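Numbering (our numbering), first residue to last: 782 to 869.
What follows is a short report on a single structure.
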Ligand SMILES: [Zn+2]
């Protein structure tokens, strides 16, 4: 079991969190024709980088999305911040 930090609620059990995706992954525009290959790539392809990664997670009890930085090798949590921080 691992403890994840919610920027709004503090440290909580990992079972309270849901992975929402890699930070910065742009959704294809739906106003233009998007091929099945492009759509599948958006939905299922991950960069799967080694080392420090920035991911979007949801803390289910408070329903807030936030950015968590983790080390994909050691699984250590390196930090967490709200989505608003760094977006301004
Ligand atoms: Zn929370």
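Ideal Cβ placement from N, Cα and C applies to all residues, glycine included.
Given the structure is predicted, the values throughout are model-derived calculations rather than measurements.
So is the beta-carbon of residue i under 7 Å away from any non-hydrogen atom of ligand 1?
{"i": "residue 840", "result": "yes"}
{"i": "residue 789", "result": "yes"}
{"i": "residue 813", "result": "no"}
{"i": "residue 845", "result": "yes"}
For the candidate residues the options, whose alpha-carbon lies nearest to that of residue i?
{"i": "residue 802", "options": "810, 811, 828 and 816", "result": "828"}
Have a look at residue i and residue j and give me their C-alpha separation to the nearest angstrom.
{"i": "residue 790", "j": "residue 848", "result": "14 Å"}
{"i": "residue 859", "j": "residue 794", "result": "16 Å"}
{"i": "residue 832", "j": "residue 798", "result": "21 Å"}
{"i": "residue 861", "j": "residue 843", "result": "15 Å"}
{"i": "residue 783", "j": "residue 838", "result": "15 Å"}
Using beta-carbon positions only, say whether residue i and residue j come within less than 8 Å of one another.
{"i": "residue 787", "j": "residue 840", "result": "yes"}
{"i": "residue 914", "j": "residue 823", "result": "Residue 914 lies beyond the residue range present for the chain, which begins at 782 and ends at 869; the question has no answer from this structure."}
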